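Numbering (our numbering), first residue to last: 1 to 401.
Positions of the beta carbon are idealized from the N, C-alpha and C atoms, including for glycine.
Remember, predicted model here, so these are calculated numbers, not experimental data.
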Ligand SMILES: Cc1cc2nc3c(=O)[nH]c(=O)nc-3n(C[C@H](O)[C@H](O)[C@H](O)COP(=O)(O)O)c2cc1C
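The following block contains the structure:
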């Protein structure tokens with residue numbers, strides 16, 4: 001029987017790109033949480049540049065090459081990955097969709113790509129570990145309460161997180177106008193408009209009523225004196241630590257005892273310091289344009305950093321990746337891996353776990369087909385010669401174990 005589909009909430013098989021997921025997420029997720037994901041700091045110029053600069057890179061089409069067998073499989077930090085993509089750490093993911101971190105981690109695990117849990121997640125480290133079978137990565141914000149941070153590192157180690165991702169670009173916070181206007185603070189102080197907006201998201205509300213996971217799971221009940229929303233508010237307000245410096249990486253690394261990924265590098269000198277201080281991988285990132293507005297796009301910062309340290313540690317990149325083509329552009333400029341933030345959040349907000357899977361499927365397909373158009377069969381052999389307008393010289397060839 002022919003059943004017409006609703007154009008506002010199409011079935012997943014009618015979703016053909018990440019932009020489709022974004023549009024549905026916008027309809028399903030309450031405005032204050034949708035805005036939280038879909039915005040950058042101040043004028044949002046860096047946020048926009050992340051996507052725009054990727055689009056500037058043009059592919060060199062090659063024809064009449066046997067491309068019948070193609071592979072996008074790769075490795076990130078020695079881990080086999082179905083494509084060189086990991087899910088980036090994102091705070092409040094459990095507010096895009098109930099139990100969001102668990103659903104996203106499960107989708108990533110099934111697809112064969114790494115998942116990173118944020119310090120500021122809704123589901124706790126233990127909760128995500130209890131609902132997955134593979135180790136995931138844990139992202140650490142270093143806070144003033146070092147006792148709490150040490151215990152957090154111990155908790156990540158106890159559930160066998162396979163790497164610790166230390167974010168270095170949030171010692172102070174960039175301002176996002178929409179969050180302030182929406183009252184997205186701790187405790188939340190939503191406007192009347194936001195409360196009315198909730199009434200237009202019945203599915204989100206029902207799912208949220210069904211779950212118990214509605215606060216910062218890694219913090220409440222773990223940080224001293226933080227037992228509810230109002231004590232959490234006081235605690236978070238003063239916790240991000242402006243004294244954080246390179247020497248802190250040593251004790252973090254020693255305490256964790258495993259691989260360390262440094263996140264938030266935009267400068268070649270900082271990249272060299274990351275290597276000097278024992279990082280195993282680094283992420284060229286401007287926090288998705290949410291911190292220093294006016295900083296360069298991640299893709300434009302990438303080549304100089306690959307040039308400086310690409311033969312010493314794995315250099316990854318995030319910011320603005322919305323398609324498999326964008327992944328290929330980053331790999332062409334020397335990244336050994338990429339991370340996606342908003343792209344998977346849109347999938348999650350729109351359709352829950354299946355939306356994250358759909359996002360990954362779409363990107364994998366786009367990557368595979370584009371590889372073929374460029375006359376290539378293995379992503380691990382890709383370099384800047386697949387682009388017509390790569391900046392600078394070809395990055396040195398990378399070797400894979
Ligand atoms: C809603 C949201 C929350 C984020 N929260 C965190 C976080 O808790 N820790 C962190 O290191 N980065 C965080 N980020 C930055 C991402 O890890 C990543 O760098 C960024 O999303 C990449 O850009 P993209 O969203 O354009 O892919 C967040 C990004 C978004 C969009």
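Straight-line spacing of the CA atoms in residue 239 and residue 221 works out to 16 Å. With fewer than three CB-CB distances shorter than 8 Å, the region 14-21 does not count as touching the region 63-82. The alpha-carbon separation between residue 40 and residue 323 amounts to approximately 19 Å. By the C-beta criterion, the region 187-198 is judged not to be in contact with the region 125-144, since fewer than 3 inter-stretch pairs fall below 8 Å. Considering only 166, 146, 154 and 46, the residue with the shortest C-alpha distance to residue 126 is 154. Residue 338 sits in a strand when the DSSP states are folded into three classes.
The three-state reading of DSSP puts residue 309 in helix, counting H, G and I together.
Residue 45 carries a helical assignment under DSSP once its states are collapsed to helix, strand and coil. Taking each of 148, 349, 338 and 365 in turn and checking the Cα distance to residue 284, the smallest one comes out for 338.
Assignment of residue 167 by DSSP, reduced to helix, strand and coil, places it in the strand class.
According to the DSSP assignment, residue 260 belongs to the beta strand (DSSP E) that extends over 259-265. Apart from the 5 residues on each side of it in sequence, residue 313 sits with its Cβ closer than 8 Å to the Cβ of 274, 275, 279, 280, 281 and 282 in its chain, given in chain order. Assignment of residue 236 by DSSP, reduced to helix, strand and coil, places it in the helix class. Taken in chain order, the complete beta strand (DSSP E) segments of 3 or more residues contained in the region 75-104 are 79-81 and 85-87.
In the DSSP assignment, residue 252 falls outside any beta strand (DSSP E) and lies within the alpha helix (DSSP H) extending over 248-256. With a cutoff of 7 Å, residue 211 does not count as near ligand 1, since its C-beta is closer than that to no heavy atom of the ligand. By the criterion of a C-beta distance shorter than 6 Å, residue 343 is surrounded in its chain by 18, 322 and 359, once the five residues flanking it on both sides are discounted. The beta carbon of residue 90 is closer than 7 Å to those of 118, 341 and 345 in its chain, skipping five residues each way along the sequence. Looking at the backbone, the Cα of residue 248 and that of residue 216 are separated by about 25 Å.
For residue 16, DSSP records no beta bridge to any residue. The Cβ atoms of residue 135 and residue 160 lie closer than 8 Å to each other.
Contact between the region 264-273 and the region 16-35 is absent: fewer than three C-beta pairs spanning the two stretches fall below 8 Å. The beta carbons of residue 174 and residue 48 sit no closer together than 8 Å. Exposed is the label assigned to residue 251, since fewer than 16 other Cβ atoms lie within 10 Å of its Cβ.
Going by DSSP, residue 325 is part of the alpha helix (DSSP H) stretching over 324-332. For residue 367, the uninterrupted alpha helix (DSSP H) run begins and ends at 353-373, by DSSP. Residue burial is scored here from C-beta neighbours: residue 169 has at least 16 other C-beta atoms within 10 angstroms and is therefore classed as buried. Annotated three-state conformation of residue 143 is strand, per DSSP.
In the DSSP annotation of this structure, the continuous segment of the alpha helix (DSSP H) that includes residue 127 starts and ends at 125-130.
Proximity to residue 130 across 115, 102, 111 and 121 peaks at 102, based on C-alpha coordinates. When the beta-carbon positions are compared, residue 320 and residue 326 come within less than 8 Å of each other. When secondary structure is reduced to three states using DSSP, residue 33 falls in the helix class. Under the criterion of beta carbons closer than 8 Å, residue 34 and residue 349 qualify as touching, at roughly 7 Å.
The beta carbon of residue 372 lies closer than 7 Å to those of 67 and 70 in the same chain, with the five residues before and after it left out. In the DSSP annotation of this structure, residue 318 is not part of any alpha helix (DSSP H); the continuous beta strand (DSSP E) holding it starts and ends at 314-318. For residue 180, the enclosing alpha helix (DSSP H) starts and ends at 177-182.
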